[in-house]
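S.K.:
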Amino acid sequence: MHVIGTAGHVDHGKSTLVEALTGTHPDRLREEQTREMSIVLGFAWLTLPNGEEVGIVDVPGHRDFIENMLAGVGGIDATLFVVAADEGVMPQTREHLAILDLLGVSHGLIALTKTDLAPNEEWLDLVEADLRDTLHGTVLADAPIVRVSARRRTGLDALVNALQDVLAHCPPRQDLGRPRLPVDRVFSITGFGTVVTGTLSDGRLRVGDEVQILPAGLRARVRGLQTHKRQIDEALPGSRTAVNLSGVQREQIQRGDVLCFPDTFDATRRLAAGVRLLPDAFRPLKHNATVKLFLGAAEVMARVRVLGQEALAPGEQGWLQLEPHTPLVAARGDRFILRLPSPSETIGGGVVLEPQSPRRYKRFSETVIRRLQTLADGTPLDVLAQSLAELQVADLNTLVQRSRISLAEAHPAIEELLGQGRAYLLVEGENPWLADTTRWGQINTRARALLEDYHQHYPLRAGMPREEFRSRLHLPEAWLPPLMNAFQAQGWLVEAGPLVHLTGFQVHFSPQDARQVDALLQRFAENPTKPPLLAECRQEVGSEICNALLTQGILVQVSPEVVFRAEDYRRLRQDLIEYLHTHGEVRVSDVRDRWHTSRRYVLALLEHFDEIRLTRRNGDVRVLQ
């Protein structure tokens, strides 16, 4: 599914042409229809001869409304560039063409409209020749030119066929599994609630999906979906989509917000980018300048940090960090436009290389410049390596989403990274986990040293609690399972329930500790059904030794107060089972008298057996479970 956008000078017949092609007039405001001039974005759709439905975004051409135009042109696959035959190339013709060039909209065609107003064919030939000169060196240099008259309905079939040919060469939209919809319209419908519209990218939306509205972080649910006024259950990447939301109010959302799955994108206040200034820009772009930044459907003021040079002259390319005054959502590869706030003028544009810059970079750092150059021009291998270096540890899906390359490109690149030793495979499978080799070496060395130190300081503990291990390594929670998998695969770490320890480690009592243990266990042997309480054990041998006896299973704790020697616990358990097989049920007093002990010990043990479902209490008696 594709979306095309109109472009061209005011009053050159864009909306009239869209109506002639689709039967829908895109001007929806009364003021637009009265003035016969588009003010805000309009939308329509067209069915091509091959059966494909194509969305059309009709954008304003008047200079006063050019910033509304920028909100719609960012999500298109191709452009329908409109030039009136009676006027030819005009100021907004050139400005719209420059914007398309900066946004990299390389697919399109030119509709030479209002041919019925041309005095003769020679006039049309002159206008077309002038138009070719204007297009020279731009993204539309080789675009076909089709002569049409919307009012007389001539040339429309040729235009539609040419449009179908152009769209056949557009690459399909990527499905990265994380849908993103920049909101270009938001309204409410009685009985349905809040509706947002935009061009969907990077993934699919389905009815019932939970979504998030950024930058505010609002949560909502998809109540309904529409494409071209048709109810659908699933919206595909690249489609013009209307999303009916439950859980949010119309007033909580504005144009420029982004709808996405929860926790897949973050709003940013600093991004790094490659930029190109137009040759006829009003003035150089200086460090610390303030500009208007147009990205997706968002329009925000931003501070410019020029990297690698003092300023960018008109026509130059370079590197920037942009710091928007209000947060926005960006992804690597997103195109943007820069305009001066006063005088209002498009000065350049570029591509997002790093959506979340972690800090302000040193302006003249060669390392930073080389890194940005790699992100701008690198192969899928280079880009994946850079993304992995930034993320340090990640699964393949996250790497692909971060790098914005396809899985088909990612798999051979990952194999090459592994072969070159630039990545370490933590977990195999359909969605493998990988680590940057340098970071993996640091984590691996530190983890082993951490456990060695722990065993040295706490020789009576069976291991370090898993969560303490993660916390002391300063690892994100999501990293721990794949890292633990790799540690164990190397053979130096053992995971034992909630504890981790070095392979071969065993609790070892010193001679002095062993004498204390022997003395304590002798007390248990002398009175197996009325042994020392846990508090007495801790007082006699200390908490560390007592915990070691419990961890190793030498002692068994049956209540907060009561412990038994393991062999005594097993003997009493078996004796109770045999008694119940013979008698069917047992009372506390029966057990107390049989074992010559006190009610404290009997209750603790019987409640423990109830808890582990060996027995079941029925009133005053116990029976086997």
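Okay, so the sequence shown: first residue is 521 according to my numbering, each after it adds one. For each residue, glycine too, the CB sits at the ideal point set by N, CA and C.
1) Where does His522 land, buried or exposed, given buried means 16+ other C-beta within 10 angstroms?
2) Under a CB-based cut-off of 8 Å, is Thr567 close to chain D?
3) May I ask which residues mark the beginning and end of the beta strand (DSSP E) holding Ser864?
4) DSSP on Pro1052, reduced to helix/strand/coil?
5) Report the start-end ranges of each beta strand (DSSP E) in the segment 689-752 that is 3 residues or longer and not cut off at the edges.
6) Between which two residues does the alpha helix (DSSP H) containing Phe1025 stretch?
7) Helix, strand or coil: which one does DSSP assign to Glu819?
8) Using the C-alpha atoms, what's the distance from Ala661 back to Arg652?
9) Between which two residues does the beta strand (DSSP E) holding Thr599 run?
10) May I have the straight-line CA-CA distance separating Leu860 from His994, to the nearest angstrom?
11) For Gly533, which residues in the same chain have their Cβ closer than 7 Å to its Cβ, ignoring the five residues on either side in sequence?
12) Going straight from the alpha carbon of Phe785 to that of Gly816, what length do you get?
13) Can you tell which of Arg790, Trp839, Leu798 has the C-alpha that lies nearest to the C-alpha of Met821?
14) To the nearest angstrom, report how far apart Glu1146 and Ala1009 are at their CA atoms.
15) State the CB to CB distance for the pair Ala818 and Gly776, rounded to an integer number of angstroms; the pair is presumed to be in contact (CB under 8 Å).
16) According to DSSP, is Asp531 helix, strand or coil?
17) Starting from Ala638, trace the beta strand (DSSP E) in both directions and tell me its first and last residue.
18) Taking the straight line between their C-alpha atoms, what separation do you get for Leu1075 and His931?
19) Assign Val920 to one of three DSSP states: helix, strand, or coil.
20) Alpha carbons only, please: which of Leu832, Pro782, Arg924, Asp783 is nearest the one belonging to Ala801?
21) Would you give the residue range spanned by the alpha helix (DSSP H) that Thr885 belongs to?
22) For Cys1057, which residues in the same chain have their Cβ closer than 7 Å to its Cβ, ignoring the five residues on either side in sequence?
23) Spatial neighbours of Glu1015 within its chain, please: C-beta separation below 8 Å, excluding the five flanking residues on both sides.
24) From Gly838, Ser1030, Gln746, pick the residue whose C-alpha is nearest to that of Arg883; which is it?
25) Between Leu1167 and Trp1012, is the Cβ-Cβ spacing less than 8 Å?
26) Alpha carbon to alpha carbon, what distance is there between Thr1135 and Arg1142?
27) With H, G and I counted as helix, E and B as strand and the rest as coil, what does DSSP make of Leu666?
28) List the endpoints of the continuous beta strand (DSSP E) containing Phe856.
29) Counting beta carbon pairs with one atom in the segment 755-775 and one in the segment 711-719, are three or more of them shorter than 8 Å?
30) To the nearest angstrom, how far is it from the Cα of Leu954 to the Cα of Ala905?
31) Which stretch, first to last residue, makes up the alpha helix (DSSP H) that contains Leu1126?
32) Put Trp839 into one of helix, strand or coil per three-state DSSP.
33) Please name the residue in Glu1098, Pro900, Gln772 whose C-alpha comes closest to that of Leu480.
34) In the DSSP assignment, what residue or residues form a beta bridge with Val1111?
35) Return the bridge partner residues of Asp786 from the DSSP annotation.
36) Tell me which residue opens and which closes the alpha helix (DSSP H) that Ser907 is part of.
M.R.: Quick answer:
1) buried
2) Among the chains in the structure shown there is no chain D, since it carries only a single protein chain.
3) 864-874
4) coil
5) 700-702, 705-709, 713-719, 730-734, 738-747, 750-752
6) It is not in any alpha helix (DSSP H) - Phe1025 carries neither H nor E in the DSSP assignment.
7) strand
8) 7 Å
9) 598-604
10) 44 Å
11) Val602, Ala604, Thr633, Lys634, Ala670
12) 14 Å
13) Arg790
14) The structure shown does not extend to residue 1146, since the chain is modelled only from 521 through 1145, so no value can be given for it.
15) 3 Å
16) coil
17) Looking at the DSSP string, Ala638 is not in any beta strand (DSSP E), and its letter there is neither H nor E.
18) 53 Å
19) helix
20) Leu832
21) A small correction: the amino acid at residue 885 is Ser; Thr does not occupy that position in the sequence shown. Run containing Ser885: none; DSSP gives neither H nor E here.
22) Leu1040, Cys1066, Val1083
23) Arg986, Met1004, Gln1008
24) Gly838
25) Nothing about residue 1167 can be read from this structure; the chain reaches only from 521 to 1145.
26) 6 Å
27) One detail in the question is off: residue 666 reads as Val in this sequence, not Leu. Val666: strand per DSSP, three-state reduction.
28) 855-861
29) yes
30) 11 Å
31) 1119-1131
32) strand
33) Any property of residue 480 remains undetermined from this structure, which presents the chain solely from 521 to 1145.
34) According to DSSP, Val1111 bridges with nothing at all.
35) Asp786 pairs with nothing; no bridge assigned.
36) 900-911
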